[in-house]
Each structure stands twice: as C-alpha cells, then as structure tokens.
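One structure below.
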Amino acid sequence: MGETALDDLSSALLDWYDSHARVMPWRVPPADRKAGVAPDPYAIWLSEVMLQQTTVAAVRDYHRKFTTLWPNVRDLAAADDAAVMAAWAGLGYYARARNLLKCARVVVADHGGAFPRDHATLLTLPGIGPYTAAAIAAIAFDAPETVVDGNVERVMARMFDIHTPLPAAKPDLTARARALTPQQRPGDYAQGVMDLGATICTPRNPACGICPWRAGCAARIAGSAADLPRKTPKKKTPTRHGIAYVARRADGAMLLETRPESGLLGGMLGWPCSDWADDPAPAPPLAADWTALDAQARHTFTHFHLHLRIMLAHVPLDAQPERGHFIARPDFSPAALPTAMRKVYDLVADLVQND
DNA sequence: AAACCGGGGCA
DNA sequence: TGCCCAGGTTT
C-alpha cells in the first residue's frame with residue numbers, strides 16, 4: 001500500500017473523529033483543539049494511568065474525585081499516601097496508585113512540576129511504560145507518537161487481516177499502526193483510533209457497516225473481522241480459600257491491617273487473614289471467642305477465584321492483637337477497602353452495627 | 001518471555 | 001462462566 005493510500009486512511013479517521021469523538025472530562029474536543037486549546041498534561045497523565053486495563057466508564061468518577069481533591073501535580077505530590085490509596089480503593093491494580101504518587105513526586109522534584117514532553121523522558125517515570133509514554137506525548141503535547149493499546153491492536157489485526165495470535169502478533173501490529181500515524185494532528189489521530197475500537201471496531205459484533213475504514217478493511221472483505229484478533233489460549237483460573245478475621249472492640253473499633261507494599265492488594269487496608277491456599281491454616285490475629293459465619297465472601301482476581309470464610313469476635317477494650325491495628329468507629333470507612341475486603345464487611349455489617 | 005496484579009460489564 | 005478492557009513491573 002502506497003503512502004497516498006495510508007494518508008487517505010488517516011485523513012478519513014480524523015474526519016470521523018471530528019464528528020464522533022467520545023466526550024471525556026479530561027479530553028479537549030477536536031474543535032477546541034483546532035482552536036488552540038491545549039490539554040492539561042496532569043489531567044491526561046492521570047486519565048491514562050487510570051485507564052490502564054480499565055474502562056472509561058469505571059474511570060470517570062475516580063478522575064473527577066482525584067482532580068477535585070488534588071487539582072494539580074504539586075497538590076498530589078504533597079498528599080498523604082493513605083489518602084491516595086483510600087481514594088483509589090475499588091479501582092484495582094493498586095500498584096498504579098503507589099506509582100502515581102511516586103511519579104507526581106518525581107515530576108515536582110526533578111522536572112519543576114512540569115511533565116516531560118518527550119517519549120524517552122516520560123518512560124523514565126514510575127508507572128509510565130511504552131503505551132502511557134506515547135499516549136501522553138501524543139495527546140497532551142501532540143507529538144507524532146504511535147499509541148498502541150488493545151483497541152489499536154484489534155483495529156490493525158482487522159484492517160490487515162492478520163491471523164497471527166497475540167501476543168506474538170504485537171510487533172507486526174505496532175509496525176502497521178506506526179505506518180498509519182500521520183504527522184498532522186497525531187494526538188487526535190491516536191484518540192480517534194482508540195475511539196473507533198471502543199465504539200465501532202468492538203471485540204464482538206463490530207459495526208463494519210458504519211466504519212470510516214470499511215472500504216479498506218481486509219478482514220471485513222474476507223469476512224473474518226469478528227474472529228480477530230486471535231489470541232493464544234489462556235489457562236483457566238483456580239480457586240483459593242482463606243479465612244478473614246473481623247474483630248470488633250467493645251467501643252466499636254474494628255481490627256484491620258495494612259497489607260505489605262508489594263503483592264496482592266499491596267498497601268491497601270484489609271481484614272487480617274489466613275493465607276490463601278487450597279486448605280488454609282487458621283491464623284487468628286488475637287485470642288478470642290471466634291464465631292464462624294455461614295456466608296462466604298467470593299471474589300475473582302485476575303488469576304484466581306477467592307472464597308473467604310469469615311470469623312467474627314467481640315473483644316474487650318484492652319485486647320492486644322498480634323497483627324493489625326484497631327481503627328475507631330468514626331475513622332473506619334468501608335469505601336477505603338479494596339473490593340474483596342469490602343465484600344467481607346458487607347456480610348458482617350448487620351452483625352457489628354448495633355451492639 | 002512469563003508471571004503477577006482488580007474489577008466491572010457484557011454475552 | 002469466560003472474555004474484554006486506553007498496561008507496567010517484576011522475575
């Protein structure tokens with residue numbers, strides 16, 4: 001395919017984006033962008049980190065919460081770690097929140113509070129990999145970088161009818177995407193391809209009939225669009241079991257522990273637990289008269305299902321736990337818990353409210 | 001290169 | 001249930 005054909009494709013995509021761009025709070029619409037309105041790099045960076053493996057619908061409220069609590073990178077850099085982790089609770093992949101804070105502090109300490117504009121420097125920042133570096137450079141600074149996410153991989157696999165399964169096909173798909181990236185409006189182009197993948201070239205039931213690229217799409221012509229991209233099969237998820245211990249002190253305080261920085265739910269608040277295994281050994285955080293609940297909390301992580309049995313105890317004011325710390329009733333917010341731990345609270349909430 | 005790391009929405 | 005998602009870090 002010659003340069004002219006590729007230019008025609010990128011032009012068609014930009015025309016489509018001008019009239020079909022999705023509305024997002026952090027995004028500058030194409031008309032405003034053409035009028036010279038620049039995006040806020042802080043808002044773009046925050047959105048891109050939140051959007052890692054996460055849908056736009058899930059990100060919206062969290063982005064608004066963060067920009068309200070911390071309107072700029074200096075405010076975020078000065079925030080308490082626990083406040084940021086609590087605000088992130090429920091969004092998942094908690095290493096992102098820890099790296100978010102690290103990154104904000106590096107930007108303030110080493111870059112004068114201004115985000116770097118080039119891909120290579122962005123790549124040195126915590127939590128920013130090849131995708132996010134390209135996305136920030138393109139979207140925030142309109143640099144001619146090629147942004148390749150799951151949407152773009154799917155669009156390219158279909159445009160060029162590539163049957164090689166992912167992840168092996170990634171280098172080829174990236175090269176195809178790079179060849180299509182225009183020098184004019186690369187930021188809008190990057191967002192346009194992702195919008196196309198999110199709204200037209202969807203994983204299931206792609207709307208080929210209204211696609212701006214339908215005439216040049218090899219998979220649509222071959223009838224294989226809905227079957228692409230192919231992916232190497234993944235093994236199915238095992239189930240692990242655990243025991244969660246909920247201790248309520250006589251004054252209403254609840255016993256929780258801050259999980260280790262690294263690992264599952266790293267740095268988040270949770271109930272003291274046994275290990276999570278096929279047949280977990282009991283590990284109560286203090287000696288007490290523990291009562292087993294009938295209900296179990298069930299939660300699915302990326303790579304395993306978790307079934308948590310729940311033990312409940314009412315303990316005296318002078319109780320001395322071996323692990324964790326008591327959090328006073330007014331200071332305890334279930335919303336600050338990751339979802340697996342909040343499900344445990346939901347099951348015991350009625351039992352610890354009024355006694 | 002492969003493993004690890006959440007959560008919700010969808011068919 | 002299984003698959004999908006605006007991926008990065010660690011091993």
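If you count the first sequence from 1, position 94 lands on 94 in UniProt numbering, and the numbers rise without skipping. We put the beta carbon where it would ideally sit given N, CA and C, even for glycine.
- The C-beta of Pro330 has fewer than 16 other C-beta atoms within 10 Å across all chains shown, which makes the residue exposed.
- A distance below 8 Å separates the beta carbons of Ala297 and Ala244.
- In this structure, Pro338 and Leu265 form a Cβ contact; the two beta carbons are roughly 5 Å apart against a cut-off of 8 Å.
- Looking at the DSSP output, Tyr245 shares a beta bridge with Met311.
- Minimum Cα-Cα distance from Gly90 among the listed residues Ile327, Leu269, Pro321, Ala288 corresponds to Leu269.
- Secondary structure at Arg22: coil, using DSSP grouped into helix, strand and coil.
- For Arg240, the secondary structure class from DSSP, reduced to helix, strand or coil, is strand.
- The three-state secondary structure of His163, taken from DSSP, is coil.
- Scanning its chain for C-beta atoms nearer than 8 Å, with the 5 sequence neighbours on each side dropped, one finds around Pro316 the residues Arg249, Ala250, in chain order.
- The C-alpha of Tyr345 is placed about 42 Å away from the C-alpha of Leu228.
- Nearest neighbour of Gly263 by Cα position, chosen from Leu14, Arg98, Val84, turns out to be Arg98.
- If you check the CB distance, Asp188 and Tyr17 come in under 8 Å.
- At least 8 Å separates the beta-carbon of Thr232 from that of Pro171.
- Taking each of Gly112, Gly113, Ala168, Gly129 in turn and checking the Cα distance to Ala120, the smallest one comes out for Gly129.
- Excluding residues up to 5 positions away in sequence, Asp161 lie with their Cβ nearer than 7 Å to the Cβ of Ala222 in the same chain.
- The DSSP assignment places 56-69, 73-77, 81-88, 95-111, 119-122, 130-141, 150-159, 170-180, 186-199 as complete runs of the alpha helix (DSSP H) inside the UniProt domain "HhH-GPD" (50-199), in order along the chain (cut-off: 4 residues).
- For Thr258, no alpha helix (DSSP H) encloses it; the enclosing beta strand (DSSP E) starts and ends at 254-258.
- Beta-bridge partners of Gln296 (DSSP): Arg309.
- In the displayed model, Thr302 falls within coil according to three-state DSSP, outside both helix and strand.
- Within the model, the alpha-carbon separation for Asp279 versus Leu306 is close to 12 Å.
- Contact check for Thr239 and His303: beta-carbon distance about 11 Å, past the 8 Å limit, so the pair fails to qualify.
- Within the model, the alpha-carbon separation for Asp110 versus Phe301 is close to 36 Å.
- Here the region 149-163 lies against the region 208-226, with 3 or more beta-carbon pairs under 8 Å apart.
- By the Cβ criterion, the region 134-153 is in contact with the region 188-203, since at least three pairs of Cβ atoms, one from each stretch, lie closer than 8 Å.
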